[in-house]
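Residue numbers (the working numbering): 9 to 237.
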């Protein structure tokens, strides 16, 4: 699984000073640096160095300032990572290339340079916003496109966790969750229902979702007693 490459690559980029989170937008990982928020680093992961990995990098060029492609090194060192044509293509495109050993050691095969294509401001802004709003790093990058813990889902689950003991009003939740009114009103996942005017309760679907996602909830999530106090 590509997720086996995520932690070694995450540690490598963290060593360069970036805060890295997995599965942001359609990117396997995104890194931001607190002292330079204008720089967006994007990483894509594959088990082997192939054309699909490069094509993913090309797609990300309009979003990021620095693109890193990473794959597992071949056992005998005779994979495409040793092909000078593959490395030269990455150089021409401005991509960084990382080889990940089975031990987790990361080698820099090609250093990145600034890409040329224009950025897509709207998509780029959404990427940065999701990274900043997401609490912690609850998703391993490189996984399948199953439901992931987005910032919105984190907020909805936090509201649900606060409502396990009793129904609450949006204004009860607002001090901890400023978007509570929108989350309860929109009810994207079907987790909430009106128990009386201006008061919301958890549905059975909401309780099941809370139980399912509980292991990945941010530790800072307040409990029901803190919210209702």
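A virtual CB, placed ideally from N, CA and C, is assigned to each residue, including glycine.
Original post:
For residue 228, does the three-state DSSP call read helix, strand or coil?
Top reply: Translated into positions along the chain shown, residue 228 becomes position 220. Confidence is the limiting factor: at residue 228 the pLDDT is only 41, short of 50, which leaves the residue's position unreliable, though a coordinate-based value still follows. Residue state, collapsed to three classes: coil.
**OP:** Please report how far the alpha carbon of residue 233 lies from the alpha carbon of residue 161, in whole angstroms.
**Re:** In the chain shown, the residue the question calls residue 233 occupies position 225. In the chain shown, the residue the question calls residue 161 occupies position 153. Per-residue confidence for residue 233 stands at a pLDDT of 41, beneath the threshold of 50, marking its modelled position as unreliable; the derived number appears in the next sentence. Their backbone Cα atoms lie some 21 angstroms apart in a straight line.
Original post:
Which partner residues of residue 41 appear in the DSSP bridge assignment?
Top reply: Taking the chain shown and counting its residues from 1, one reaches residue 41 at position 33. In the DSSP output, where bridge partners are listed per residue, residue 41 has 44.
Original post:
Quick one: Cα of residue 22 to Cα of residue 97, how far?
Top reply: Indexing the chain shown from 1 puts residue 22 at position 14. Indexing the chain shown from 1 puts residue 97 at position 89. Roughly 26 angstroms between the two C-alpha positions.
Subject >> Exposure label - residue 100; buried when at least 16 CB within 10 Å >> reply: Walking along the chain shown from the start, residue 100 turns up at place 92. Around the Cβ of residue 100, a 10 Å sphere holds fewer than 16 other Cβ atoms; the residue is exposed.
**OP:** Give the C-beta separation of residue 176 and residue 170 to the nearest angstrom, bearing in mind that I take them to be a contact with Cβ-Cβ under 8 angstroms.
**Re:** Along the chain shown, one-based indexing puts residue 176 at 168. Along the chain shown, one-based indexing puts residue 170 at 162. Rounded, the Cβ-Cβ distance is 7 angstroms, consistent with contact.
Original post:
So what's residue 160 in DSSP terms, helix, strand or just coil?
Top reply: Position 152 of the chain shown, counted from the first residue, corresponds to residue 160. The answer is helix: DSSP assigns residue 160 an H, G or I state.
Original post:
What is the C-beta distance between residue 79 and residue 107, in whole angstroms, given that I count them as a contact (C-beta under 8 angstroms)?
Top reply: Residue mapping note: residue 79 aligns to position 71 of the chain shown, counting from 1. Residue mapping note: residue 107 aligns to position 99 of the chain shown, counting from 1. Their Cβ separation, rounded to whole angstroms, is 7 angstroms, which keeps residue 79 and residue 107 in contact under 8 angstroms.
**OP:** Determine the direct distance from the alpha carbon of residue 71 to that of residue 131, and round the result to whole angstroms.
**Re:** The residue you call residue 131 lines up with position 123 of the chain shown. The residue you call residue 71 lines up with position 63 of the chain shown. Spanning the two alpha carbons is a distance of roughly 7 angstroms.
Subject >> Simplified DSSP assignment, three categories, for residue 11 >> reply: As a position in the chain shown, residue 11 is number 3, starting the count at 1. Of the three classes helix, strand and coil, the one that applies to residue 11 here is helix, per DSSP.
**OP:** Have a look at 189, 38 and 76 and flag the residue whose alpha-carbon is nearest the alpha-carbon of residue 137.
**Re:** Residue 137 sits at position 129 when you count from the first residue of the chain shown. Cα-wise, what sits closest to residue 137 is 38.
Subject >> C-beta contact flag for residue 15 and residue 139 at 8 angstroms >> reply: Your numbering for residue 15 matches position 7 in the chain shown. Your numbering for residue 139 matches position 131 in the chain shown. Contact flag unset, no.
Subject >> Close Cβ partners of residue 114 (< 8 angstroms) along its chain, the five nearest in sequence each way excluded >> reply: For the purposes of this step, residue 114 is taken as residue 106 along the chain shown, with counting starting at 1. So the list reads 16, 17, 19, 20, 78, 106, 107 and 108, once near-sequence residues are dropped.
**OP:** Could you check what DSSP says for residue 213 in three-state terms: helix, strand or coil?
**Re:** Taking the first residue of the chain shown as 1, we reach residue 213 at position 205. Helix, per DSSP.
Original post:
Should residue 53 go down as buried or exposed, given a rule of 16 or more other Cβ atoms within 10 Å for buried?
Top reply: Walking along the chain shown from the start, residue 53 turns up at place 45. Buried is the call here.
Original post:
Do you know whose CA, among 57, 112 and 102, lies nearest residue 86's CA?
Top reply: In the chain shown, counting from the first residue as 1, residue 86 sits at position 78. When each option's Cα is compared against that of residue 86, the closest is 57.
**OP:** Give the DSSP-derived three-state secondary structure of residue 134 in the structure shown.
**Re:** The sequence position of residue 134 within the chain shown is 126, counting from 1. It is helical.
Original post:
How big is the Cα-Cα spacing for residue 189 and residue 133?
Top reply: The residue you call residue 189 lines up with position 181 of the chain shown. The residue you call residue 133 lines up with position 125 of the chain shown. Each residue's Cα considered, the two are about 24 angstroms apart.
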